[in-house]
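Each remark here refers to the structure printed beneath this line.
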Amino acid sequence: MVTGMVAGRLALVTGAGSGIGRAACQVLSREGATVIAADRNYDSAMQTIKSHIALASGSNAIGDHSAAEVDVSDSKSVQNLLKTVLTQYKAPPTIIVNSAGITRDNWLLKMSEDDFNAVLNVNLKGSFLVMQSFANAMTEISSSGSIVNISSIVGKYGNMGQTNYAGSKAGVVAMTQSAAKELGKFNIRVNAILPGFIRTPIIETVPEKVIQSLLKLVPLGRIGEPNEVAELIAFLSSDKSSFMTGAAIDVSGGY
Ligand code: NAP
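If you're matching positions, the sequence shown starts at 1222 in my numbering and goes up one per residue.
So this is what it looks like as structure tokens:
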């Protein structure tokens, strides 16, 4: 028998081929969910499945974990993913984790319109498209669900070189709060997580000098690990957080 906080639930995780999304797949499967790892890079999503099958508790009520290719910024691609999932599992996921995200850093005075649009399209519009399509499917079939959107601490405080990224992540919080107000009547909860600096490929382009100066502002004095965000994702996905919706929670070492 499968046990765990989210036992028997079907979870879709975007950006699942790397970092926080991959860790979310691992923790959700450890807690008994069947996981669909979706990423624009199918091979990396499949790698997540291969690596987390070893961690999973084994059989589960819904079916096997799977990998899928999706570009969250493209509505057709998101619709195709929904169709594939409904065909394979005969029901929509009741846990959605929007972790796909990109950066295209530059100073405000130098940022190109393309870089601004690219970041807004993936981080903000992508989360919107996935929420809209999958929440629609959820309301038709299920009596409850949980959506977890990954924002960033930068969306709250801003960051030099990240006007596009910070704007997109502030938007994710506002969008989360608005969706929570609309979807409460369906018992679908929508919450946001604001990670601080987490050790994943997305921060590889940040110069070491900048990281060291930012760490001085982190009371815990270190970079976080992806699983430290994933544990909160699992909590927010589960009934343990059944009275939480519209929340925006920092996981930042106190930054
Ligand atoms: P990551 O390791 O780069 O993972 C992001 C994943 O999303 C990658 O596999 C990426 O694929 C995928 N992706 C990018 N664009 C996509 C698209 N259009 N459709 C589907 N998948 C797409 O970064 P991470 O640190 O885990 O980031 C996860 C989330 O946490 C992001 O939203 C990020 O903004 C947020 N976050 C991270 C930090 C941090 O310090 N790490 C802090 C605050 C917030 P490619 O590799 O092909 O681009």
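Note that beta-carbon positions come from the ideal geometry of N, C-alpha and C, so glycine has one too.
Who are Thr1255's beta bridge partners in DSSP?
Within the sequence shown, residue 1255 is the residue found at index 34, counting from 1. Its beta-bridge partners are Leu1231.
May I ask you to check if the CB of Asn1385 is nearer than 8 Å to at least one heavy atom of the ligand NAP?
To locate residue 1385, count along the sequence shown from 1; it is residue 164. Because no heavy atom of the ligand NAP lies under 8 Å away, the Cβ of Asn1385 does not count as near it: no.
Who does Asp1260 pair with in a DSSP beta bridge?
Along the sequence shown, one-based indexing puts residue 1260 at 39. According to DSSP, Asp1260 bridges with Glu1290.
In terms of residues, what are the limits of the alpha helix (DSSP H) holding Pro1447?
To locate residue 1447, count along the sequence shown from 1; it is residue 226. Counting along the chain, the alpha helix (DSSP H) containing Pro1447 begins and ends at 1447-1458.
Give the C-beta separation of Ile1368 and Ala1387 to the nearest angstrom, bearing in mind that I take them to be a contact with Cβ-Cβ under 8 Å.
If you number the sequence shown from 1, residue 1368 lands on position 147. If you number the sequence shown from 1, residue 1387 lands on position 166. Ile1368 to Ala1387, Cβ: 22 Å. No contact.
Using a Cβ-based criterion (distance less than 8 Å to any ligand heavy atom), does Asp1335 qualify as near the ligand NAP?
Taking the sequence shown and counting its residues from 1, one reaches residue 1335 at position 114. No, Cβ of Asp1335 sits at least 8 Å from all heavy atoms of the ligand NAP.
Output the distance between the C-alpha atoms of Leu1438 and Ser1463, rounded to the nearest integer angstrom.
Position 217 of the sequence shown, counting from 1, holds the residue named residue 1438. Position 242 of the sequence shown, counting from 1, holds the residue named residue 1463. Cα to Cα, the separation comes out at about 33 Å.
State whether the region 1311-1320 contacts the region 1330-1341, with contact taken as three or more CB pairs (one from each stretch) at a distance under 8 Å.
With the cut-off at 8 Å, the region 1311-1320 and the region 1330-1341 do not touch.
Glu1403: buried (16+ other C-beta within 10 angstroms of its C-beta) or exposed?
To locate residue 1403, count along the sequence shown from 1; it is residue 182. That one is exposed.
What residues are listed by DSSP as bridge partners for Ala1413?
Taking the sequence shown and counting its residues from 1, one reaches residue 1413 at position 192. DSSP lists Asn1370, Ala1469 as partners of Ala1413.
Identify the residues that DSSP records as bridge partners of Ile1419: which are they?
Taking the sequence shown and counting its residues from 1, the one referred to as residue 1419 is at position 198. Gly1445, per the DSSP bridge assignment.
Do Val1472 and Ile1419 have their C-beta atoms closer together than 9 Å?
Residue 1472 sits at position 251 when you count from the first residue of the sequence shown. Residue 1419 sits at position 198 when you count from the first residue of the sequence shown. Yes.
Leaving out the 5 sequence neighbours to the left and right, which residues in its chain are closer than 6 Å to Ala1401 when beta-carbon positions are compared?
Here residue 1401 is taken as the residue at index 180 of the sequence shown, counted from 1. Closer than 6 Å at Cβ, skipping near neighbours: Val1411, Thr1466, Gly1467.
Regarding Ser1320 and the ligand NAP, is the C-beta to nearest heavy atom distance less than 8 Å?
Position 99 of the sequence shown, counting from 1, holds the residue named residue 1320. True, at least one ligand heavy atom lies under 8 Å from that Cβ.
Does DSSP put Asn1327 in a helix, a strand or coil?
Residue mapping note: residue 1327 aligns to position 106 of the sequence shown, counting from 1. It is a strand residue.
Quick one: is Pro1314 buried, meaning 16 or more other Cβ sit within 10 Å of its Cβ, or exposed?
Within the sequence shown, the letter at position 93 stands for residue 1314. Flag for Pro1314 reads buried.
Which two residues bound the contiguous beta strand (DSSP E) that contains Val1318?
Counting from 1 along the sequence shown, the entry for residue 1318 is found at position 97. Segment 1316-1319, the beta strand (DSSP E) holding Val1318.
Under 8 Å: does the beta carbon of Pro1416 sit that close to some heavy atom of the ligand NAP?
As a working note, residue 1416 is residue 195 in the sequence shown. Yes, the beta carbon of Pro1416 sits closer than 8 Å to at least one heavy atom of the ligand NAP.
Give me the Cβ distance between Ile1423 and Gly1240, rounded to the nearest whole Å; I'm assuming they're in contact under 8 Å.
Here the question's residue 1423 lines up with position 202 in the sequence shown. Here the question's residue 1240 lines up with position 19 in the sequence shown. Between Gly1240 and Ile1423 the Cβ distance is about 6 Å, and since that is below 8 Å, they are a contact.
For Ala1451, tell me which candidate among Gly1475, Thr1421, Leu1436 has the shortest Cα-Cα distance.
Counted from its first residue, the sequence shown places residue 1451 at position 230. Ranking the options by Cα distance to Ala1451, first place goes to Thr1421.
Under the criterion of a Cβ to heavy atom distance below 8 Å, does Ile1371 qualify as lining the ligand NAP?
Mapped onto the sequence shown, residue 1371 falls at position 150. Yes, the beta carbon of Ile1371 sits closer than 8 Å to at least one heavy atom of the ligand NAP.
Cα-Cα, which of Leu1457, Pro1447, Gly1474 is closest to Gln1247?
On the sequence shown, position 26 is the one that residue 1247 refers to. Ranking Leu1457, Pro1447, Gly1474 by Cα distance to Gln1247 puts Pro1447 first.
Near Tyr1263, which residues of its chain fall below 7 Å by C-beta distance, leaving aside the five closest residues on each side in sequence?
Numbered from 1 along the sequence shown, position 42 holds the residue referred to as residue 1263. Contacts found: Ala1288, Glu1290.
For Val1306 and Ser1434, I'd like the C-alpha separation in whole angstroms.
As a first step, residue 1306 must be located in the sequence shown, where it is residue number 85. As a first step, residue 1434 must be located in the sequence shown, where it is residue number 213. Going by the C-alpha atoms only, they are around 44 Å apart.
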